[in-house]
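If you read the first sequence in the numbering used here, its first letter stands for residue 53, the second for the next number, and so on.
Positions of the beta carbon are idealized from the N, C-alpha and C atoms, including for glycine.
Keep in mind it's a predicted model, so treat the numbers as computed, not measured.
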Amino acid sequence: MNTIEQELADAVQAALCTAFPGEETVGAFAASVVKTADARHGDYQCNDCMQLAKTLRLAPRMIAEKVTGVLRENQVVESVEIAGPGFINFRLSQTWLEDRLALVESDAFRGTPQVGEGQTVVLDYSSPNVAKPMHIGHIRSTVIGNALDRLHRYCGFRVVADNHLGDWGTQFGLILTGYRHFADQEALKASPVQELERVYVESYQRSKEDESWLDAAREELVKLQAGDEENLRLWKSFVEMSMGEFHKIYDRLDVRFDLERGESFYNDKLAEVLETLQSKGLLEESEGAQVVNLEEEKLGVCIVRKRDGGYNYATTDLATVFSRVEEFSPETILYVTDERQQRHFQQFFSVAKKVGIDTRMEHVWFGLMRLPEATFSTRQGNVIKLEALLDEAERRALEMVESSSPEMPEATQRAVAKAVGIGSIKYADLSQNPQSLVTFTWEKAMALDGNSAPYLQYAHARIRSVLDKYADQFPEGKPEEADFALPEPLERELGLKIARFPEAVLVAARTYRPNFMADYLFDLAQTYSTYHQSIPFLRAEPGVRESRMRLIRLVADTLKTGLGLLGIEAPDRI
RNA sequence: GCACUAGUAGCUCAAUUGGAUAGAGCAUCUGACUACGGAUCAGAAGGUUGAGGGUUCGAAUCCUUCCUGGUGCGCCA
């Protein structure tokens, strides 16, 4: 199913060709139609005439005149008007819109065109470091990445979500050394990652003061990388402990991966990467290291092999991309990380291109999260653990549920508190542009009113509640047999917004900006709330009542589906 | 120093990537519950889009100079 924007754009395109037969510039032009910013201008608008004025050497309004003459015959629109310097404003036909809603209702994807059909996207996100607990800095990659995952699947893409764990970094030298000297086995059993972190932080601090400690750590790392049995065994146990903790959090967040290949997975392919670079003549030696020179692109040099013979991030990423291209032949690979890695990805993409990778690769970066006082870091120990954040969110939500729904069974209250608490945290992140810098405050992360998850969940639950009440009061009623009817302006607005759902999905997916989806949902929920307040439905006359039931049920479904695309639950009662 | 990035209402953020009179939420003020869920709704007030210059039918958005923050800039990831 095409979006309405697309249908209208096609109509404009056709009208242009009819109005200006034989004009090459018109034939090559791709007409576009967008929704209006202001309802007074109609439902959709086309701004192309102003652009075409130059190439056609005609006044924009003149072009618009010719085009609208043809467009008026179109069944989709009720009126076509020219305004201002040459805008064409469309108002959709009432019956067409009503029929459209029936199509949307019966469509498995609520009218969303399956633009990704036959295409594969590899999505690299979350990627925490083993032996360090996940803190609030990890939530953005996880939540944004997961939303992009869901949005793309919904558009028909085959998505390969890969959790590219940091399980092979230099931190293991420090951890191994620390582990041998001051690990507390009891604590390790009780709370493994916390203890590993303590060991890491202490070992790191010791290395700052003590050169020989650092040497020992390096030695342990070399032994590990050379395949030393004892170190390998310990390393594996560290990874397992961490994964257990990570999965507890992923379960709570309802985040799932298709693959969880850490950097270690590519360990034996790194030498090959060097050979490939060598054979393409890209390798240079510089200060004892092997590098790819990117001075021409003003990207400095990219180190692919350290002076001490070790490989690093860029090398692993290259090995990873080779492997992904070979195994999945993706059209696109997305990397969701924070802004600090922009330069790394520019370098890495550039090198990948040089060795012949032509897959589209995008770095979807997001702004750092920081505390009001400072940035946080595991080493400084000023992190807020993700687990604590989720606990607190659920606790606050539970308080709210207990006071507003005391009659609800306790188990249900807990489930609702989880949906609301976790949903609030996700929504706080997803409702803003990923690229903005975020200063973390508990208050903001868990906003429970205004533009927030609970507002949307409330709107949804309220509709479910009305629908149940309807089923109680009118057991014979059959809303599914009523026609969609939008006689009231508020009703029409609501119907139009439902019909626009696919446009929000596509924009959010295409621009890697889940906040477009969040915006859309908030707008829809707001319109519904106004409707709810001012239009009677259970008390409306028979027939009208059924129509309205069918309409609000579709609103509820749209809200639930949209929230689902953001990874947020919409319980029937909250 | 160079590069990237941000600066929008008192605060937190939008603005469909160049469209029409820059929109929401919070906070403030006014109003609506014997109600289909008040976790709500209606309304008011709040702006020289950091500053200047430029590009054009049209600029928060593009170019340019400056100011202020953030981040990065060779062996971490």
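Whole-angstrom distance between residue j and residue i, CA atom to CA atom
i: Thr-493; j: Leu-226; result: 32 Å
i: Ala-570; j: Ala-497; result: 15 Å
i: Thr-147; j: Leu-538; result: 9 Å
i: Ala-366; j: Leu-276; result: 20 Å
i: Gly-616; j: Pro-623; result: 11 Å
i: Arg-192; j: Thr-563; result: 17 Å
i: Ser-145; j: Leu-123; result: 13 Å
i: Ser-84; j: Tyr-96; result: 10 Å
i: Pro-180; j: His-187; result: 9 Å
i: Arg-113; j: Pro-137; result: 6 Å
i: Leu-438; j: Glu-75; result: 60 Å
i: Glu-459; j: Ile-620; result: 24 Å
i: Leu-217; j: Ser-178; result: 8 Å
i: Tyr-387; j: Ile-436; result: 24 Å
i: Tyr-629; j: Lys-321; result: Since the first residue shown for the chain is 53 and the last is 626, residue 629 is missing from the structure and cannot be characterised.
i: Glu-249; j: Arg-395; result: 28 Å
i: Ser-586; j: Thr-579; result: 11 Å
i: Leu-606; j: Asp-520; result: 14 Å
Residue closest to residue i, alpha-carbon to alpha-carbon, out of the options
i: Val-86; options: Asn-141, Pro-137 and Val-129; result: Asn-141
i: Tyr-507; options: Val-472, Val-490, Ala-534 and Gln-525; result: Val-472
i: Ile-196; options: His-415, Gly-94, Ala-160 and Pro-137; result: His-415
i: Pro-185; options: Ile-355, Gly-121, Tyr-302 and Thr-372; result: Tyr-302
i: Thr-222; options: Glu-292, Gly-362 and Leu-240; result: Gly-362
i: Asp-501; options: Ile-56, Ser-476, Ile-515 and Arg-514; result: Ser-476
i: His-233; options: Glu-533, Gln-246 and Trp-265; result: Trp-265
i: Thr-464; options: Ile-626, Val-253 and Tyr-479; result: Ile-626
i: Val-128; options: Ala-116, Val-119, Met-114 and Glu-150; result: Glu-150
i: Asp-306; options: Val-468, Pro-73, Gly-408 and Asn-198; result: Asn-198
i: Lys-358; options: Leu-110, Gly-340, Ser-259 and Ser-381; result: Gly-340
i: Gly-595; options: Leu-576, Ala-556, Ala-561 and Lys-530; result: Lys-530
i: Phe-536; options: Arg-270, Leu-153, Ala-111 and Glu-57; result: Leu-153
i: Ala-71; options: Ala-82, Thr-55 and Ile-115; result: Ile-115
i: Leu-240; options: Ala-183, Gly-189 and Leu-273; result: Ala-183
i: Ser-255; options: Ala-242, Pro-244, Ser-243 and Arg-270; result: Arg-270
i: Cys-207; options: Ala-561, Leu-175, Leu-423 and Ile-515; result: Ala-561
i: Phe-380; options: Leu-175, Ile-620 and Arg-448; result: Leu-175
i: Gln-166; options: Val-132, Glu-157 and Arg-205; result: Arg-205
i: Thr-164; options: Val-132, Leu-200 and Ile-56; result: Ile-56
i: Gln-393; options: Val-403, Glu-383 and Trp-417; result: Trp-417
i: Val-403; options: Leu-346, Glu-451, Arg-395 and Pro-424; result: Leu-346
i: Leu-588; options: Val-518, Pro-527 and His-299; result: Residue 588 is actually Pro in this sequence, not Leu. Measuring from the Cα of Pro-588, the nearest candidate turns out to be Val-518.
i: Ala-323; options: Ala-523, Val-356 and Pro-244; result: Val-356
i: Phe-290; options: Phe-161, Leu-558, Arg-602 and Gln-246; result: Gln-246
Neighbourhood of residue i by C-beta distance below 8 Å, restricted to the same chain and skipping five residues each side
i: Ala-592; result: Arg-600
i: Arg-304; result: Leu-442, Lys-470 and Ile-474
Proximal residues to residue i (C-beta, below 6 Å), its chain only, five neighbours per side dropped
i: Phe-209; result: Gly-168, Gln-171 and Val-173
i: Tyr-583; result: Leu-542 and Leu-546
i: Cys-98; result: Val-64, Val-85 and Ile-140
i: Asp-100; result: Ala-83
i: Ile-604; result: Ile-515
i: Phe-400; result: Ala-366 and Asp-369
i: Gly-94; result: Thr-88, Asn-141, Phe-142 and Arg-143
7 Å Cβ shell around residue i - same chain, five flanking residues per side excluded
i: Trp-220; result: Gly-314, Glu-315, Ser-316 and Asn-319
i: Asn-503; result: Ser-483 and Phe-574
i: Cys-69; result: Val-78 and Gly-79
i: Glu-454; result: Gln-465
i: Glu-272; result: Gly-225, Leu-228, Thr-229 and Asn-283
i: Met-421; result: Ile-188, Gly-189, Arg-192, Val-490 and Phe-492
i: Gln-398; result: Leu-351
Residue environment, residue i, which counts as buried when at least 16 other CB atoms sit within 10 Å
i: Gln-65; result: buried
i: Glu-261; result: exposed
i: Lys-549; result: buried
i: Asp-90; result: exposed
i: Glu-598; result: buried
i: Ala-80; result: exposed
i: Glu-378; result: exposed
i: Ala-608; result: buried
i: Asp-159; result: exposed
i: Pro-554; result: buried
i: Glu-451; result: exposed
i: Asn-634; result: Coverage of the chain is limited to positions 53 through 626, which leaves residue 634 absent and any answer about it impossible.
i: Asn-215; result: buried
Can you give, in chain order, each stretch of the beta strand (DSSP E) that sits fully within the segment 349 to 415 and has at least 3 residues? Runs found: 353 to 357 and 384 to 390.
At what residue ranges does the segment 108 to 146 contain a whole run of the alpha helix (DSSP H), taking only runs of 4 or more? Here the runs fully enclosed are 112 to 123.
Taking only runs that begin and end inside the segment 273 to 324, name each unbroken alpha helix (DSSP H) of 4 or more residues, in chain order. Complete alpha helix (DSSP H) runs here, min 4: 281 to 305.
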